[in-house]
Amino acid sequence: MVIEDPDFTYQRNSGRLYDEIVRESITESFEKKWQDGNDSQLDIVIVDYDLLPINYNANNQPIQLRMKLTIDYAFTDRVRNKVIDRQDNYIQIYEFYIVQGRGEPPETIEEAREKLIQELSDDFYSMLAEQW
């Protein structure tokens, strides 16, 4: 798996760039599922990582956020040297609440990011395994 990406904001707790965290998480998550050795290669370019408030309370404080990850990817069969699937500007979105009482438990940004990455990895695995 090869991942290229732009630098974006730092995580406050660790001081690490979010791109490093996202890159590691995508790699680990996909590799746990995909175990066909070196017969294939998934190349990912992280184009954008966005976190925006989408819902506010009466005091104009955010209560719901939207996390969006935009990537370009190519999945290649290394044996036949053939591109199996390729897409630019693939978007994965995850929306979550950060307050109580909204029908869903609140989540931290880290929890939401892990769920976004897990969903992305699951989607990739499903899409690419069907074509493999």
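Everything in the sequence shown is counted per this note's numbering, starting at 2 for the first residue and increasing by one. C-beta atoms are modelled at their ideal positions from N, C-alpha and C, and glycine is treated no differently.
Nearest-angstrom Cα separation, counted from residue 81 out to residue 114: The residue you call residue 114 lines up with position 113 of the sequence shown. The residue you call residue 81 lines up with position 80 of the sequence shown. When rounded, the distance between both Cα atoms is 35 Å.
For residue 131, tell me which candidate among 111, 117, 85 and 48 has the shortest Cα-Cα distance. Residue mapping note: residue 131 aligns to position 130 of the sequence shown, counting from 1. If we check each option's Cα against that of residue 131, 85 comes out closest.
Beta bridge counterpart(s) of residue 56 as assigned by DSSP: Numbered from 1 along the sequence shown, position 55 holds the residue referred to as residue 56. Residue pairing for residue 56: DSSP places it in a beta bridge opposite 65.
Roughly how many angstroms lie between the CA atoms of residue 87 and residue 35, to the nearest whole one? The count along the sequence shown starts at 1 and reaches residue 87 at position 86. The count along the sequence shown starts at 1 and reaches residue 35 at position 34. Their Cα atoms are separated by approximately 17 Å.
Extent of the continuous beta strand (DSSP E) run through residue 136: There is simply no residue 136 to check, as the chain begins at 2 and stops at 133 in what is shown.
Are residue 65 and residue 98 closer than 8 Å when you measure CB to CB? The residue labelled residue 65 in the question sits at position 64 within the sequence shown. The residue labelled residue 98 in the question sits at position 97 within the sequence shown. Yes, the Cβ-Cβ distance between residue 65 and residue 98 is below 8 Å.
State the Cα-Cα distance for the pair residue 44 and residue 59, rounded to the nearest angstrom. As a working note, residue 44 is residue 43 in the sequence shown. As a working note, residue 59 is residue 58 in the sequence shown. Taking the straight line from one Cα to the other gives about 44 Å.
Pick from 22, 31 and 111: whose alpha carbon is nearest that of residue 127? Within the sequence shown, numbered from 1, the residue matching residue 127 stands at position 126. With distances taken between Cα atoms, residue 127 lies closest to 31.
Taking a contact to mean a Cβ-Cβ separation below 8 Å, would you say residue 79 touches residue 47 in this structure? Here residue 79 corresponds to residue number 78 of the sequence shown, with the count starting at 1. Here residue 47 corresponds to residue number 46 of the sequence shown, with the count starting at 1. With respect to the 8 Å criterion, residue 79 and residue 47 are not classified as neighbours on the basis of their beta carbons.
Report back the beta-carbon spacing between residue 93 and residue 111 to the nearest angstrom; my notes put them in contact at under 8 Å. Position 92 of the sequence shown, counted from the start, is the residue given in the question as residue 93. Position 110 of the sequence shown, counted from the start, is the residue given in the question as residue 111. Actually they do not touch by this definition, with Cβ atoms about 17 Å apart.
Thinking just about the alpha-carbon of each residue, which of 42, 71, 63 and 49 is nearest to the one in residue 107? In the sequence shown, counting from the first residue as 1, residue 107 sits at position 106. The residue among 42, 71, 63 and 49 with its C-alpha nearest the C-alpha of residue 107 is 63.
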